[in-house]
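Student: Residue numbers (the numbering used here): 221 to 519.
Where is the CB? At the ideal position from N, CA and C, for every residue including glycine.
All figures in this text were calculated on a predicted structure; none of them were measured in a lab.
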Ligand code: MTE
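1. Provide the residue span of the alpha helix (DSSP H) that contains residue 484, from first to last.
2. Tell me whether residue 313 is buried or exposed, calling it buried when 16 or more other Cβ atoms sit within 10 Å of its Cβ.
3. By how many angstroms is the C-alpha of residue 432 removed from the C-alpha of residue 301?
4. Quick check: the Cα distance between residue 482 and residue 338, rounded to an integer number of angstroms?
5. Would you call the CB atoms of residue 510 and residue 464 closer than 8 Å?
6. Can you round the beta-carbon distance between residue 276 and residue 419 to whole angstroms, since I take them to be within the 8 Å contact cut?
7. Taking residue 410 as the reference, give the member of 345, 450, 382 with the closest Cα.
8. Can you give me the Cβ contacts of residue 341 inside the same chain, cut-off strictly under 7 Å, excluding the 5 residues immediately before and after it?
9. Can you tell me whether residue 333 is buried or exposed, with buried defined as 16 or more other CB within 10 angstroms of its CB?
10. Is there at least one non-hydrogen atom of the ligand MTE closer than 7 Å to the beta-carbon of residue 437?
11. How about residue 392 and residue 369: are their beta carbons less than 8 Å apart?
12. Here's a check: name, in chain order, each residue in its chain whose Cβ is nearer than 7 Å to the Cβ of residue 306, leaving out the five neighbours to either side.
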């Protein structure tokens, strides 16, 4: 398995070899504060991003309904300006951070990541965003903090799906602090260099590429640093089927379907399923986070 880390990989770049950086160069670059885009490539191929149409018309965003086209149909009702994120809990500088002030401080770059939904479909998405670690540094993480809890906006007058009560709104997600600080973990604010559409989680959403898509919570309004492991929405709804970690793992099936393969959206009805990769292809970068954990167990 080969992994490529590049600092300038974009859709237009045909020869990823020319951009290859080894791990040591990556670390040196990171130490020097150079912006780095990470792409774990499937085997020897470069990642072929899905179209804008695929990425913005086939979505999961239950605040707007449970159908795949509901978010594209109804998310235009969402007002994303003004927007702020409350950061509280075990931080040095708790407060309400205006989205525009955050963006003025952050280093936005392109990250082309695989995205694997727990429902066994996948896409490749060219996100624009910044590392969550940089946002957490703005607020200053206290030494006792062990987890990060995220909350989506609750505004039923604009989010028609929130009138249905099967989810205890707002949608909540969580990460262990080391996962949150990992350089692959980003806050996305754009796709294909354009402002992120409402249906994809405007104006700001989490992206954790080695975990099932439900971890990548959309339209975030609150971040809380905690000592306790947060209970995420899907775990709360169905603990026998969804856990806290939710790392992509082809060897651990969902109780109702196999996770060994996936269907890449956009390939047409008869496109062959492709193998799912351990940690969604980011094993080299993240496996060390889970040393000592029994990965054959469902988490
Ligand atoms: N975030 C919120 N607030 N509400 C949701 O319903 N769905 C999750 C995740 N984040 C969801 C959410 C699921 S199941 C997936 S697969 C991804 O968003 C889908 O992201 P996309 O529509 O941008 O592809």
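Tutor: Per the coordinate set shown:
1. Reading the chain shown from its first residue, position 264 is the one you call residue 484. Where residue 484 is concerned, there is no enclosing alpha helix (DSSP H), although the beta strand (DSSP E) it sits in stretches over 481 to 484.
2. Taking the first residue of the chain shown as position 1, residue 313 is located at position 93. Looking at its Cβ environment, which holds fewer than 16 other Cβ atoms inside 10 Å, residue 313 is exposed.
3. Counted from its first residue, the chain shown places residue 301 at position 81. Counted from its first residue, the chain shown places residue 432 at position 212. About 29 Å.
4. The residue you call residue 482 lines up with position 262 of the chain shown. The residue you call residue 338 lines up with position 118 of the chain shown. Their Cα atoms are separated by approximately 9 Å.
5. Residue 510 sits at position 290 when you count from the first residue of the chain shown. Residue 464 sits at position 244 when you count from the first residue of the chain shown. No. Outside cutoff.
6. Against the chain shown, residue 276 aligns to sequence position 56. Against the chain shown, residue 419 aligns to sequence position 199. With a Cβ gap of about 6 Å, residue 276 and residue 419 count as contacting.
7. Here residue 410 refers to the residue found at position 190 when the chain shown is read from its first residue. Considering only alpha carbons, the answer is 345.
8. To locate residue 341, count along the chain shown from 1; it is residue 121. Closer than 7 Å at Cβ, skipping near neighbours: 482, 483, 485.
9. Reading the chain shown from its first residue, position 113 is the one you call residue 333. Per the 10 Å Cβ criterion, buried.
10. Within the chain shown, residue 437 is the residue found at index 217, counting from 1. Yes; taking the cut-off as 7 Å, the Cβ of residue 437 has a heavy atom of the ligand MTE nearer than that.
11. Counted from its first residue, the chain shown places residue 392 at position 172. Counted from its first residue, the chain shown places residue 369 at position 149. A contact, by the Cβ cut-off of 8 Å.
12. Residue numbering aside, residue 306 sits at position 86 when the chain shown is read from its first letter. Closer than 7 Å at Cβ, skipping near neighbours: 316, 441, 442.
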